[in-house]
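K.L.:
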Amino acid sequence: MVEANADVVADPRTAQLVAWLLDPATRELDGAALFLGLIEALRAAGIELDRFSASVRTLHPEVFVDNFVWTAGEGLVRKVRTNSMLDHARYQASPVAQLYAGSEEIRVDLGDVEDAGRFPVTAELAEQGMLDYVALLLPGEHASFMSLASRTRRGFDRHMSLLRALVPALSLRVELASQRSVTASLLRTYLGPNAAQRVLAGAFRRGEGEPIDAVIWSCDLRGFTTMVDGTSMAEVLPTLDRYFECVADPIAAHGGEVLKFIGDAVLGIFVAPPPGELSAASMPPCRASLLAVRDAFDALAKLNAERAEQGRAALNFGVALHVGTVTYGNIGATGRLDFTVIGRAVNEVTRVESLCKVLGRRLIVTETFARALAGGKAVAAARCGEEALVSLGRHPYRETSLSQKVSGRA
């Protein structure tokens, strides 16, 4: 590990920078604010810095790091680096990969053509007019790095001791930012953004819930049981993933939230923004959910075109939409909790979804939804894009004495 000389740490400039990094006031800074503050402090300390790069590691299933790159005159840019980058030849031939493989410090004289050519990225920086480069490992449970480039030849010579002295304190700060990013990322990935925000804010305890009015979405994949029985899991899992992408991405894009993946079923909700957050771009939940349905089936059509080229069977699913009051809450056992929605409206939409197969329909909405879409008018006034919604009559639910009036596309 790079160790800082005690005399260097006692240097007023270094001591000031370390104190700033460890100041409780900086603990709430996210990665972008932390690195911008550090860049400003380094330049104020006399370091001729023209480019800075650093990353915050995550545990997101698809994201490797949040990378922050600052260039003089251009500002800070955040770039999400996915796990796929680990397989790229460019990454494997980078200073960062070498740091993660065991190096603690890499120095490159960009003014020397041969030295600059050691890595693709340093060769590019040299072409951009940079003349000095240093990369330092920031060790920790989620190790990171920082790299600096200067347009001054040997521009970091006088400051290397200072930069090394910052590594322990900066590593702690980046580790804290990483832990927060990891926590928030995992919660968003596995709970959804709304539930994640509530957990992080400590808004709910077990058994507590909040009534909300929402459009409830329920859909499932046709023929899933047959697929599982007759297909290897190596094929079933990627197929499910692609199907879920067709559904979940449009739901999120139109302001909804996926609450559950239950086998091959998806449960989602669309809630109107609070009055204080309404804007010209805000869309009524009924309309938003129908746009999500449109985009989901468009995505499915593209997926099925791919599958047809591969000689594989087409996929299909049915969607039901309902409007009602649900309880959004935190339920479960002492050691295992779950955020979900419960209530009569949830039961209703899942029963209606089962009618899609019975009636041979891809989309069915309840009478309550159709009236809400029509602004309280008769169902005949409701429209699904350019198409009118028409009543499909009243239909009984399986294994119950209940029935429901439903509508679908004309």
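So the sequence shown is numbered by full-length UniProt numbering: it starts at 1 and just counts up by one. Don't be surprised by glycine CBs; every beta carbon is placed ideally from N, CA and C. A quick note: this is a predicted structure, and the numbers were derived from the prediction, not measured.
Exposed or buried, what is Arg173 when buried is set at 16 or more other beta-carbons lying within 10 Å of its beta-carbon?
P.N.:
Buried, by the Cβ-count rule.
K.L.:
By how many angstroms is the C-alpha of Ala301 removed from the C-alpha of Asn194?
P.N.:
Between Asn194 and Ala301, the C-alpha separation is close to 30 Å.
K.L.:
Just to confirm before moving on: does the CB-CB distance between His88 and Ile216 stay below 8 Å?
P.N.:
No, these two residues do not count as a Cβ contact at 8 Å.
K.L.:
Could you give the C-beta distance for Arg107 and Leu131, rounded to a whole number, given that I count them as a contact under 8 Å?
P.N.:
In fact, because the Cβ distance is near 12 Å, the residues do not count as touching under 8 Å.
K.L.:
Classify Tyr190 as buried or exposed, calling it buried when 16 or more other Cβ atoms lie within 10 Å of its own Cβ.
P.N.:
Result: exposed.
K.L.:
For the ligand MG, any of its heavy atoms closer than 7 Å to the Cβ of Asn304?
P.N.:
Ligands are entirely absent from the displayed structure, and the ligand MG is therefore not among its contents.
K.L.:
Taking only three categories from DSSP, how would you classify Gln310?
P.N.:
Gln310 falls in the coil class under three-state DSSP.
K.L.:
Short of 6 Å in beta carbon distance, which residues of its chain neighbour Ala169, apart from the five on each side in sequence? Order them along the chain.
P.N.:
Cβ within range, chain order: Val18, Leu21 and Leu22.
K.L.:
Determine the DSSP secondary structure at Gln128, reduced to helix, strand or coil.
P.N.:
Of the three classes helix, strand and coil, the one that applies to Gln128 here is coil, per DSSP.
K.L.:
Taking the beta carbon of Thr340 as the centre, do at least 16 other beta carbons fall within 10 Å, making it buried, or is it exposed?
P.N.:
Buried.
K.L.:
According to DSSP, which residues form a beta bridge with Gly329?
P.N.:
Partner(s): Gly209 and Thr340.
K.L.:
Which one or two residues does DSSP pair with Trp20 in a beta bridge?
P.N.:
Paired residue(s): none; Trp20 is not in a bridge.
K.L.:
Which residue marks the beginning of the alpha helix (DSSP H) containing Ile106, and which one marks its end?
P.N.:
Ile106 -> not in any alpha helix (DSSP H); beta strand (DSSP E) instead, spanning Glu105 to Asp109.
K.L.:
State buried or exposed for Leu127, treating a residue as buried only when at least 16 other CB atoms are found within 10 Å of its CB.
P.N.:
Looking at the sequence provided, one finds Glu at residue 127 rather than Leu. Exposed.
K.L.:
For Pro95, count neighbouring C-beta atoms within 10 Å of its own C-beta (all shown protein chains included) and say buried if the count is 16 or more, exposed if not.
P.N.:
Label assigned to Pro95: buried.
K.L.:
For Asn67, list the residues DSSP reports as bridge partners.
P.N.:
Answer is Ser55 and Lys79.
K.L.:
Along the chain, where does the beta strand (DSSP E) that runs through Phe119 open and close?
P.N.:
Neither: Phe119 is in no beta strand (DSSP E) and is coded neither H nor E.
K.L.:
Taking the straight line between their C-alpha atoms, what separation do you get for Ser354 and Leu373?
P.N.:
Taking the straight line from one Cα to the other gives about 22 Å.
K.L.:
If you drop the 5 nearest sequence neighbours on each side, which residues of the same chain put their C-beta closer than 6 Å to that of Lys405?
P.N.:
Cβ within range, chain order: Glu367 and Arg394.
K.L.:
State the DSSP-derived secondary structure class of Thr350, mapped to helix, strand or coil.
P.N.:
Helix.
K.L.:
At the level of alpha carbons, what is the spacing between Gln179 and Arg57?
P.N.:
Answer to the nearest angstrom: the Cα atoms are 8 Å apart.
K.L.:
Just to confirm before moving on: does the CB-CB distance between Phe270 and Pro250 stay below 8 Å?
P.N.:
No.
K.L.:
Under a Cβ-count criterion, where at least 16 other Cβ atoms within 10 Å of its own Cβ denotes burial, should Glu208 be classed as buried or exposed?
P.N.:
Classification for Glu208: exposed.
K.L.:
May I have the straight-line CA-CA distance separating Thr71 from Leu125, to the nearest angstrom?
P.N.:
In a straight line, the C-alpha of Thr71 is about 11 Å away from that of Leu125.
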